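Keeping their order, the protein sequence lines are chains Z and X. Under UniProt numbering, the residues of the first sequence are numbered 1 to 332, in order. Under UniProt numbering, the residues of the second sequence are numbered 1 to 332, in order.
Protein chains: 2
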Amino acid sequence: MFDTRANILLCGCGAVGTMAAVALERSGCAAVTAVLRSNFSVVEQKGFTIDSVDHGRLTGWHPSYIARSVENAMKHGPFQFIVIALKALPDIYSIPELIAPAVTPFESTIVLIQNGIGIEQPFINAFPRSTILSGVSMIGAHQLSSGVIRHDRSDILHLGPIYNASISREKEDELAALFSSLYTSGGASCLLTENITWMRWKKLVWNASFNSVCAMTGLDSGAIIDAGGVETIIRPVMDKINSIAKASGHTLPDGIQQLMIDSMPREMHFRPSMLVDVERGNPMEIEVIVGNPLRIAQELGCETPILRMIYEHLKLVQWRIRRAKTGSRLQK
Amino acid sequence: MFDTRANILLCGCGAVGTMAAVALERSGCAAVTAVLRSNFSVVEQKGFTIDSVDHGRLTGWHPSYIARSVENAMKHGPFQFIVIALKALPDIYSIPELIAPAVTPFESTIVLIQNGIGIEQPFINAFPRSTILSGVSMIGAHQLSSGVIRHDRSDILHLGPIYNASISREKEDELAALFSSLYTSGGASCLLTENITWMRWKKLVWNASFNSVCAMTGLDSGAIIDAGGVETIIRPVMDKINSIAKASGHTLPDGIQQLMIDSMPREMHFRPSMLVDVERGNPMEIEVIVGNPLRIAQELGCETPILRMIYEHLKLVQWRIRRAKTGSRLQK
Chain Z
1 MFDTRANILL CGCGAVGTMA AVALERSGCA AVTAVLRSNF SVVEQKGFTI
51 DSVDHGRLTG WHPSYIARSV ENAMKHGPFQ FIVIALKALP DIYSIPELIA
101 PAVTPFESTI VLIQNGIGIE QPFINAFPRS TILSGVSMIG AHQLSSGVIR
151 HDRSDILHLG PIYNASISRE KEDELAALFS SLYTSGGASC LLTENITWMR
201 WKKLVWNASF NSVCAMTGLD SGAIIDAGGV ETIIRPVMDK INSIAKASGH
251 TLPDGIQQLM IDSMPREMHF RPSMLVDVER GNPMEIEVIV GNPLRIAQEL
301 GCETPILRMI YEHLKLVQWR IRRAKTGSRL QK
Chain X
1 MFDTRANILL CGCGAVGTMA AVALERSGCA AVTAVLRSNF SVVEQKGFTI
51 DSVDHGRLTG WHPSYIARSV ENAMKHGPFQ FIVIALKALP DIYSIPELIA
101 PAVTPFESTI VLIQNGIGIE QPFINAFPRS TILSGVSMIG AHQLSSGVIR
151 HDRSDILHLG PIYNASISRE KEDELAALFS SLYTSGGASC LLTENITWMR
201 WKKLVWNASF NSVCAMTGLD SGAIIDAGGV ETIIRPVMDK INSIAKASGH
251 TLPDGIQQLM IDSMPREMHF RPSMLVDVER GNPMEIEVIV GNPLRIAQEL
301 GCETPILRMI YEHLKLVQWR IRRAKTGSRL QK
């Protein structure tokens, strides 16, 4: 089965995407063509510099091929797997449009390694004949500067198919097993699950609460705890996410709220992605972390005044970030 | 009645306080002792530099006396009126404690020129034998730098007594009339009202909504309109303030929400006080603008999930501001 290398396109070569590329390449059974944007020139000249808890220190590392765009990557296709490790920003850009030229119907499997809930639907709509594998990453990794990555918490990727009636379930499970096997034999860990959406809801309990409130207040997770925000905001939001999950058929463990609060001790002073984004003036993943759970709640008839208010505030902040970006682009 | 000058202590000599001092002094019937903090040295050396829509250009202007503290001001007492134009920050400092040494029971009238609702109660509690006059200022004035003031919208002060059963209503009305007469004869405008609390609720419709949301999102009032925030957040918050006001016995005009939205056209791009505060790292008046209406709602049994969530977020931001202030003070 592994006699020929699996041909893989990777879109999004930040910290998470790059560590996925490392694992896949190190399996010896995959050739990765990575599409890079802001760090293309640095990586073309010097490769990645990686300090990894799983793989040790790598200097001058690069995947089989790098490209500046999906179009430029096409010459290395066709691709069996198309791995998406871009930020999920449906209010800013359409990833299905971006990857469309590289998707071969029935042949290309799309692997999503992204935050949030409900992220798969645009891909199902755009590529009804492709298997969609959905992944929730538990990695701790950051790009310190362009092409320089610190990977300090082991790469554990939870993965499962989003089953699609037009494709045989057996084939979907096989593709998930193949991808998982590549990933894991490369020195990271890819755990198969039959209910990846459950896993997404579980992770969302932390993300929709702490990530949002940190972004709105400029505080890290430990400061939110110190300032008394857990009881006043975090727990009510967690309760609501828990109840939306349940209403949508995903019953989370009893006491999930406290488990999630305890999962990130205050001493860690964790700075979640949306806080980092707002401070750097980058768009935040508000639609997949807050907007989609809200829309799901609405379809299910759940009242969500608090979550909606947080969402509407975040949308105004996003508007400010986008306006500043547009302004600075116009000035160039 | 105006044969001898009224002796007035003024606490808080920012833009609003200074313009009050100008009006009172220019009446020729009042001697103002102003307590200055950050701008004391500049004003002691060069006086105020004022560009005023009501009073023209004043250079080297100062009130009768200036002092660094209430204690230092005492030698110019006793004071018939004690005018408070400090920011209302009950979570940071107690103004009743600050002015206590200067308050002569039955003799000193306290005049509050401050934002928010429910601000009078701490003064009623601390000084049950003093007349309390409560003022809502409609001035447009800013301190551009220490001691330099631009006053660009006429000074209209709405004023009325907070009637107190232990003092004769006649005396309270007389004192209000006297203060109003001093203020108005000095070239500004002080309009007497029997229901100053109604006026406070009216102003709060704008303040609790726009001021809060601007502070949380970093947008000015015009940008909130451009970004679509009026329908998603501003109007629901205005509706709630309107209904709390009504529940507390203060029926505001029909359509007050739209009147308030229209009162500040988007072209003005107004930057309300809490936005200016958060950007400068100064504490915001969240307790009197959001906290007090919430507490009043709670006493009246009104549900306020949205307003509460805004309040809890603002409290976390306030915590961050205070922590930064403490940190920078410790570093000195």
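For glycine and all other residues, C-beta sits at the position ideal for the given N, C-alpha and C. It should be emphasised that the depicted structure is a prediction, and the values quoted were computed from it without experimental measurement.
Taking just the CA atoms, how far does residue j sit from residue i?
{"i": "Ala-15 of chain X", "j": "Ala-73 of chain X", "result": "20 Å"}
{"i": "Glu-25 of chain Z", "j": "Pro-63 of chain Z", "result": "7 Å"}
{"i": "Ile-162 of chain Z", "j": "Ile-117 of chain Z", "result": "12 Å"}
{"i": "Gln-143 of chain Z", "j": "Pro-236 of chain X", "result": "41 Å"}
{"i": "Asp-220 of chain Z", "j": "Gly-281 of chain X", "result": "17 Å"}
{"i": "Leu-275 of chain X", "j": "Tyr-311 of chain X", "result": "15 Å"}
{"i": "Thr-193 of chain X", "j": "Thr-304 of chain Z", "result": "41 Å"}
{"i": "Phe-270 of chain Z", "j": "Ile-241 of chain Z", "result": "21 Å"}
{"i": "Ala-223 of chain X", "j": "Arg-320 of chain Z", "result": "8 Å"}
{"i": "Pro-293 of chain Z", "j": "Ala-247 of chain Z", "result": "11 Å"}
{"i": "Pro-78 of chain Z", "j": "Asp-226 of chain Z", "result": "52 Å"}
{"i": "Arg-266 of chain X", "j": "Val-35 of chain X", "result": "37 Å"}
{"i": "Gly-187 of chain Z", "j": "Asp-54 of chain Z", "result": "7 Å"}
{"i": "Thr-59 of chain Z", "j": "Met-19 of chain Z", "result": "13 Å"}
{"i": "Leu-178 of chain Z", "j": "Met-238 of chain X", "result": "56 Å"}
{"i": "Arg-295 of chain X", "j": "Thr-184 of chain X", "result": "35 Å"}
{"i": "Tyr-65 of chain X", "j": "Ala-85 of chain X", "result": "17 Å"}
{"i": "Lys-332 of chain Z", "j": "Trp-61 of chain Z", "result": "The pLDDT assigned to Lys-332 of chain Z is 39, lower than 50, so where the model puts this residue is not dependable, and the model offers no usable value."}
{"i": "Gly-327 of chain X", "j": "Val-148 of chain X", "result": "29 Å"}
{"i": "Leu-175 of chain X", "j": "Ala-165 of chain X", "result": "16 Å"}
{"i": "Asp-173 of chain Z", "j": "Ser-180 of chain Z", "result": "10 Å"}
{"i": "Leu-316 of chain Z", "j": "Asp-277 of chain Z", "result": "14 Å"}
{"i": "Met-309 of chain X", "j": "Ala-21 of chain Z", "result": "42 Å"}
{"i": "Phe-2 of chain Z", "j": "His-151 of chain Z", "result": "The pLDDT assigned to Phe-2 of chain Z is 42, lower than 50, so where the model puts this residue is not dependable; a value taken from the coordinates is nonetheless given after this. Phe-2 of chain Z and His-151 of chain Z: Cα-Cα distance of roughly 28 Å."}
{"i": "Lys-262 of chain X", "j": "Asn-211 of chain X", "result": "Checking the sequence, you will find Asp at residue 262 of chain X rather than Lys. Cα-Cα distance, rounded: 15 Å."}
{"i": "Leu-330 of chain Z", "j": "Phe-127 of chain Z", "result": "Note that Leu-330 of chain Z has pLDDT 49, beneath the 50 cutoff, so the model's placement of it is unreliable and the number below is only indicative. About 35 Å."}
{"i": "Cys-11 of chain X", "j": "Gly-160 of chain X", "result": "19 Å"}
{"i": "Glu-279 of chain Z", "j": "Val-213 of chain Z", "result": "14 Å"}
{"i": "Lys-75 of chain X", "j": "Asn-125 of chain X", "result": "26 Å"}
{"i": "Ile-286 of chain Z", "j": "Arg-200 of chain Z", "result": "15 Å"}
Mind listing the chain X neighbours of residue i? Cutoff is C-beta to C-beta under 7 Å, in chain order.
{"i": "Leu-219 of chain Z", "result": "Leu-316 and Arg-320"}
{"i": "Pro-305 of chain Z", "result": "Pro-305 and Ile-306"}
Taking Cβ-Cβ distances shorter than 8 Å, what residues in chain Z pair up with residue i?
{"i": "Gly-244 of chain X", "result": "Contrary to the premise, residue 244 of chain X reads as Ile rather than Gly in this sequence. Residues of chain Z passing the Cβ test: none, with the nearest at roughly 16 Å."}
{"i": "Met-284 of chain X", "result": "Correct list: empty, because the minimum Cβ distance to chain Z is about 13 Å."}
{"i": "Met-238 of chain X", "result": "Those within 8 Å of Met-238 of chain X in chain Z number zero; the least Cβ separation is about 14 Å."}
{"i": "Met-199 of chain X", "result": "Chain Z residues near Met-199 of chain X: none, gap ~28 Å exceeds 8 Å."}
Can you name the residues that DSSP bridges to residue i?
{"i": "His-158 of chain Z", "result": "Z:Val-136 and Z:Leu-191"}
{"i": "Ala-67 of chain X", "result": "X:Val-35"}
{"i": "Gln-143 of chain X", "result": "X:Ile-149"}
{"i": "Arg-323 of chain X", "result": "DSSP lists no partner for Arg-323 of chain X."}
{"i": "Val-83 of chain Z", "result": "Z:Leu-10 and Z:Val-111"}
{"i": "Asp-51 of chain X", "result": "X:Arg-57 and X:Arg-150"}
{"i": "Ala-30 of chain X", "result": "X:Ala-6"}
Do residue j and residue i come within 8 Å of each other at the CB atom, strictly closer than that value?
{"i": "Ile-234 of chain Z", "j": "Ser-273 of chain Z", "result": "no"}
{"i": "Pro-101 of chain Z", "j": "Val-70 of chain Z", "result": "yes"}
{"i": "Pro-105 of chain Z", "j": "Arg-129 of chain Z", "result": "yes"}
{"i": "Ala-88 of chain Z", "j": "Gln-114 of chain Z", "result": "yes"}
{"i": "His-313 of chain Z", "j": "Met-216 of chain X", "result": "yes"}
{"i": "Ser-134 of chain Z", "j": "Ile-196 of chain Z", "result": "yes"}
{"i": "Val-32 of chain Z", "j": "Ile-8 of chain Z", "result": "yes"}
{"i": "Ile-82 of chain X", "j": "Ile-110 of chain X", "result": "yes"}
{"i": "Ile-156 of chain Z", "j": "Leu-191 of chain Z", "result": "yes"}
{"i": "Ile-244 of chain X", "j": "Cys-302 of chain X", "result": "yes"}
{"i": "Pro-253 of chain Z", "j": "Ile-92 of chain Z", "result": "no"}
Please compile the residues from chain X whose C-beta is within a distance smaller than 8 Å of the C-beta of residue i.
{"i": "Glu-312 of chain Z", "result": "Gly-229, Thr-232 and Ile-233"}
Run down chain Z in chain order and give the residues with a C-beta less than 7 Å from the C-beta of residue i.
{"i": "Met-260 of chain X", "result": "Going along chain Z, no residue has its Cβ under 7 Å from Met-260 of chain X, so there is no contact; the nearest lies around 18 Å."}
What does residue i reach in chain X if we use C-beta pairs closer than 9 Å?
{"i": "Met-19 of chain Z", "result": "Near Met-19 of chain Z there are no residues of chain X at all, since even the closest Cβ is about 32 Å away, more than 9 Å."}
Inset, instruction - Anything in the region 160-191 of chain Z with a Cβ closer than 7 Å to a Cβ of chain X? List those residues in chain order, please. - result: none
Inset, instruction - Closer than 9 Å, Cβ to Cβ, to anything on chain X: give me those residues from the region 208-234 of chain Z, in chain order. - result: Val-213, Met-216, Thr-217, Gly-218, Leu-219, Ala-223, Ile-224, Asp-226, Ala-227, Gly-228, Gly-229, Thr-232 and Ile-233
Inset, instruction - Give, in chain order, every residue of the region 264-294 of chain Z whose Cβ lies closer than 7 Å to some Cβ of chain X. - result: none
Legend entry - Proximal residues, the region 66-77 of chain X versus chain Z, C-beta separation under 7 Å: none
Legend entry - Residues of the UniProt domain "Ketopantoate reductase N-terminal" (8-162) of chain Z with Cβ closer than 7 Å to any Cβ of chain X, in chain order: none
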